[in-house]
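These notes concern the structure reproduced below.
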Amino acid sequence: VYIGSLGNNPHSLLERIATPAAVIRAATGMRGDGMDFTLSPTWEGLANALPNARDIHLPELTHFMPMQDPALIAGYIAGEGMAD
Numbered sequence: 304v305y306i307g308s309l310g311n312n313p314h315s316l317l318e319r320i321a322t323p324a325a326v327i328r329a330a331t332g333m334r335g336d337g338m339d340f341t342l343s344p345t346w347e348g349l350a351n352a353l354p355n356a357r358d359i360h361l362p363e364l365t366h367f368m369p370m371q372d373p374a375l376i377a378g379y380i381a382g383e384g385m386a387d
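Residue 387 is where the sequence shown ends in this note's numbering, and the numbering goes up by one at each step.
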């Protein structure tokens, strides 16, 4: 995602992360340009690559989801909404 990460490939390390995680993603697709934050740059397979993660896809929101729906995102951070 970021230029600084081009020299590293963390994929082989993901299976070692046992901490429960929620991968919260916005809508996906082809971005218009480098400054287009309407779509999520998050790898769709990230939650599946982590042994104890859940994928939460919120296509109605953008990269700015914490500002768009603060209560919803705060609930996920607090662990609420994880059963739905």
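Each residue gets a CB set at the ideal place from its N, CA and C atoms; glycine is no exception.
Bear in mind that the values here come from a model prediction, so they are computed numbers and not experimental data.
message: Could you compute how far the alpha carbon of P369 sits from the alpha carbon of G348?
response: What you label residue 369 is simply residue 66 of the sequence shown in a count that begins at 1. What you label residue 348 is simply residue 45 of the sequence shown in a count that begins at 1. C-alpha separation (whole angstroms): 22 Å.
query: Contact check, T341 vs H366 under 8 Å by CB: the rounded distance?
result: Start at 1 with the first residue of the sequence shown, and residue 341 comes out as number 38. Start at 1 with the first residue of the sequence shown, and residue 366 comes out as number 63. Between H366 and T341 the Cβ distance is about 7 Å, and since that is below 8 Å, they are a contact.
message: Tell me the rounded alpha-carbon separation between I380 and G310.
response: In the sequence shown, the residue the question calls residue 380 occupies position 77. In the sequence shown, the residue the question calls residue 310 occupies position 7. In a straight line, the C-alpha of I380 is about 30 Å away from that of G310.
message: Suppose contacts are defined by Cβ-Cβ distances below 8 Å. Is D372 in contact with L364 by that definition?
response: By 1-based counting over the sequence shown, the position of residue 372 is 69. By 1-based counting over the sequence shown, the position of residue 364 is 61. In this structure, L364 lies closer than 8 Å to D372 by Cβ.
message: So for H314, helix, strand or coil by DSSP?
response: One-based indexing of the sequence shown puts residue 314 at position 11. Helix.
field: Neighbour-count burial assignment, R319, 16 or more Cβ in a 10 Å radius
entry: What you label residue 319 is simply residue 16 of the sequence shown in a count that begins at 1. Burial call: exposed.
query: Mapping DSSP to helix, strand and coil, what is I320?
result: Here residue 320 refers to the residue found at position 17 when the sequence shown is read from its first residue. The answer is coil: DSSP assigns I320 none of H, G, I, E or B.
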